[in-house]
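Protein chains: 2
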Amino acid sequence: MDFVLVNGKLTNSLPISDRGLNYGDGVFETIAVIKQRPQLIEEHLARLNKGCEKLSITAPAPALLVSEIKSLCKSADDQAVLKIIITRGSGGRGYRPDKDSKPARILTLHPWGEHIFHYREQGIRLSLCATRLSINPVLAGIKHLNRLEQVLASIELSNHVQEGLMRDYNDHVIEGTMSNLFIISTDNVIKTPSLKQCGIDGIMRRRLIDWLATRENKSVEETSLTLDDLHEAKHVMMTNSIIGIWPVVYFEKQHYAIPDFVTRFNRSIINKLD
Amino acid sequence: MDFVLVNGKLTNSLPISDRGLNYGDGVFETIAVIKQRPQLIEEHLARLNKGCEKLSITAPAPALLVSEIKSLCKSADDQAVLKIIITRGSGGRGYRPDKDSKPARILTLHPWGEHIFHYREQGIRLSLCATRLSINPVLAGIKHLNRLEQVLASIELSNHVQEGLMRDYNDHVIEGTMSNLFIISTDNVIKTPSLKQCGIDGIMRRRLIDWLATRENKSVEETSLTLDDLHEAKHVMMTNSIIGIWPVVYFEKQHYAIPDFVTRFNRSIINKLD
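Just so you know, the protein sequences line up as chains A and B, in that order. Plus 157 on top of the position in the first sequence (first one is 1) and you've got this note's numbering. Plus 157 on top of the position in the second sequence (first one is 1) and you've got this note's numbering.
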C-alpha cells in the first residue's frame, strides 16, 4: 500500500480520534483500476453516497472525490485495486457524533492478484461458514465498516477453498464473505438472494443482472435461498467488483459445471476497459 | 484527547492499514480513572481478553498493558476516562487476517463530564430508539468495535433525554445506547435483560448484580424483557462503568421514583476509590 491520499494529502496515517476506528462509523468501496482507469466508478460512487446518506454522513463533493481518484490512479499499475473509505471523521468520546465533525476520505491503491484471472477461468471451491450474518434491514445493502462477521467467517476458511458462503440466522443463504451469490436451477432459472435483511448490494451483482437482461435476454430472480437450493442447483457463481464472476466448481461434495456465459461476461468487463 | 499511547509510544495517529479502521476488527474498554487510579481494572482487562479470544486476536501481555495504563493515568486529572482499544493490527486488503499481524494497543485519556454526578442524583430522561440491535450470539457480550447500531441510535436522541433504549428485532428490550438496563417490578423483583443474543455485558452491570447480592441480599433475574415490563415497572435504572447508576425518572409519559439503594451503590463506587 504505497499510494495513499487522506483528505487529499499524501500520508499513511489517520488520527486516533477518527470515528472509523472507534466505531466503524463509515463506508467503503473497492474498485478495479485497469490501465489507470477506475471501473464502474459512477456505480461505486452512487453506493458510497447512498451509504453516507443512510448513516447521516455528509458525502464528499463528487468533483473533489473524482479528482482525487484520478490523481491517485495515475500512479497505479496496469491492474490495481482502489479502496475508498469515508468515515464520519474525528470526534470526542461517545457514540453521538459532534454536529461539526468533518468526514474523512481515505484513498488507497492495492496490488492486483494474478489469481483473480486464474479463478475466473478455472472456477473456485466454496465452503460453508459457521459464522452467520445478523439481520439488520437498516444497514443491509450498504458497504459500511462494521465487518467483523466477514472477518470471522474468513478466518474459518481452509487454504483449499477460495471463498466461504454465509447464511443469516434464519438459515437463508445470503452471500460469500467478499462476494455475492448467483445460482442457476435445473430448470434454468437464475436466482440471487434478496438483500433486504442483510448482505451487501454488490456493484458487479447489479451489473451481471443488467448484462443478463440486455445481452442474454435472461432475467434474474431476487429471492430467498437455502442450502438445499445450492445442492440442487446446476450452476453456482460468486461475483464482486474485482473478481467479476468466479464460477463455483465445488461445494459440499458436489461438483458444478461452469455456465457458458461466464467467459462472455468476464470478457465484457475487460473489453469495456480498453 | 491530549494523552495518547499507541503501542507504548506517544502519538496521535494510526496507520491507515489498521484493521480496526478497515473492519472494526478489535475491542475496546472505557474505564473510570479517579485520582489517577483506573477503576475495576481487573474486570475490564478480563472482558478485553475475552473479546480478543472470541475474535482470535492475541491479547497484549497483561503486565505490558497494565504498565502502560499506569503510565498514562499519571497524567490524568482527578477524574478522567481511560479508553483502551485493541485492534488486530495492520494488514493487507481482504477480510482474512495475515497470520503475522501484530495487534495494536491504543490508550487515550478523555475528560470526565460533571453531568455524570448530576444525573446520578437527579435521574435521567430515557427515550425509545427506532434503531434496533441485530441478533448475533457470537458477538454478544463483548465490547467490539462494530458500533454503527449505537451510533445510529444515539443520533436519534433529542437534547431533552440523556439516554436511548434499544430493542432487538424480536422486540426484546436489551440495553441503552451506552448503558445496561435494570428494572424493579411492582412486586419488587430486580430484573436485567439477558445478553445471550446481543448487547454488551457491562462491567458495572455485573458489579451491581454482585453488590445487590452481597450488600443488600437481593438477587437479580437475568431474563427477557419487553416494553410492557418497563411501562409496568416501579423503577428503571441504567448502568455503565463511568456513570455508575443513572436512575431513570421519565420514559414514555411515565414517571419513576429513584430506588433508595441507588445512592448507596453510587457512593460505594466512590468510596472504593479513595
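Glycine included, C-beta positions come from ideal geometry on N, C-alpha and C. Bear in mind the structure is a predicted one, so any value in this text is a computation, not a measurement.
Under the three-state DSSP convention, the category residue i falls into
i      : result
B/T244 : strand
B/D234 : coil
A/G177 : helix
B/N206 : helix
A/L197 : coil
B/R277 : helix
B/H301 : strand
B/F408 : strand
B/F418 : helix
A/R262 : strand
A/N397 : strand
A/K211 : helix
B/L306 : According to the sequence as given, residue 306 of chain B is Glu; it is not Leu. It is helical.
B/R324 : strand
B/A189 : strand
B/V223 : helix
B/T380 : strand
B/W269 : coil
B/D431 : Per-residue confidence for B/D431 stands at a pLDDT of 44, beneath the threshold of 50, marking its modelled position as unreliable; no derived number is given.
A/I292 : coil
A/E389 : helix
A/E313 : helix
B/R282 : strand
Neighbour list for residue i in chain E, Cβ cutoff strictly below 9 Å
i      : result
A/I263 : Considering every chain present, this structure includes no chain E. Its protein chains are A and B.
C-alpha gap between residue i and residue j, whole angstroms
i      : j      : result
A/V308 : A/G359 : 18 Å
A/I273 : A/K240 : 17 Å
A/V163 : A/K227 : 14 Å
A/L178 : B/E306 : 15 Å
B/K256 : A/R363 : 34 Å
B/L229 : B/P219 : 15 Å
B/I118 : B/N397 : Look at the range of chain B in this structure, 158 to 431, and you will see that residue 118 of chain B is not part of it.
A/I242 : A/V184 : 6 Å
A/G321 : A/T334 : 6 Å
A/R289 : A/D325 : 5 Å
B/V393 : B/A287 : 20 Å
B/V406 : A/A310 : 43 Å
B/V318 : A/L302 : 28 Å
A/D431 : A/G401 : Summary for A/D431: the model assigns pLDDT 44, below 50, so the residue's position carries little reliability; its value from the coordinates is reported in the next sentence. Distance between the alpha carbons of A/D431 and A/G401 is about 16 Å.
B/N327 : B/G356 : 13 Å
B/T383 : B/L296 : 22 Å
B/Q279 : B/L202 : 31 Å
B/R245 : B/K166 : 18 Å
B/S291 : B/K353 : 12 Å
B/S336 : B/T187 : 12 Å
A/P254 : A/I214 : 10 Å
B/V238 : B/K231 : 13 Å
B/A414 : B/L266 : 35 Å
A/S376 : A/I347 : 7 Å
Near the ligand FAD: residue i beta-carbon under 7 Å from a heavy atom
i      : result
A/D325 : You won't find the ligand FAD in this model; it holds no ligand whatsoever.
Chain A residues whose Cβ lies nearer than 8 Å to that of residue i
i      : result
B/K240 : R250
B/S170 : S170, L171, P172, I173
Per-residue contacts from residue i into chain B (C-beta, under 8 Å)
i      : result
A/I312 : S213, R253, P254
A/H267 : G249, R250
Residue i: contacting residues in chain B (beta-carbon distance under 7 Å)
i      : result
A/V223 : Those within 7 Å of A/V223 in chain B number zero; the least Cβ separation is about 20 Å.
A/V161 : I173
Hey, which unbroken runs of the beta strand (DSSP E) at 3 residues or more fall wholly within the stretch 335–365 of chain A? 337–341, 347–350
Output needed in chain order: residues of the stretch 318–351 of chain B with a Cβ under 8 Å from some Cβ in chain A. Y326, T334, M335
Could you run through the stretch 292–308 of chain B and flag, in chain order, every residue whose CB is less than 8 Å away from some CB of chain A? I292, N293, V295, L296, H301, L302, N303, R304, L305, E306, Q307, V308
Residues, ordered as in the chain, of the stretch 270–289 of chain A that lie near chain B by beta-carbon distance below 8 Å: T288, R289
Counting only Cβ-Cβ distances shorter than 8 Å, please list the residues of the stretch 382–405 of chain A near chain B, keeping chain order. none
Listed from N- to C-terminal order along the chain, which residues in the stretch 180–199 of chain B have their beta-carbon within a distance smaller than 8 Å of any beta-carbon of chain A? Y180, G181, D182, F185, T187
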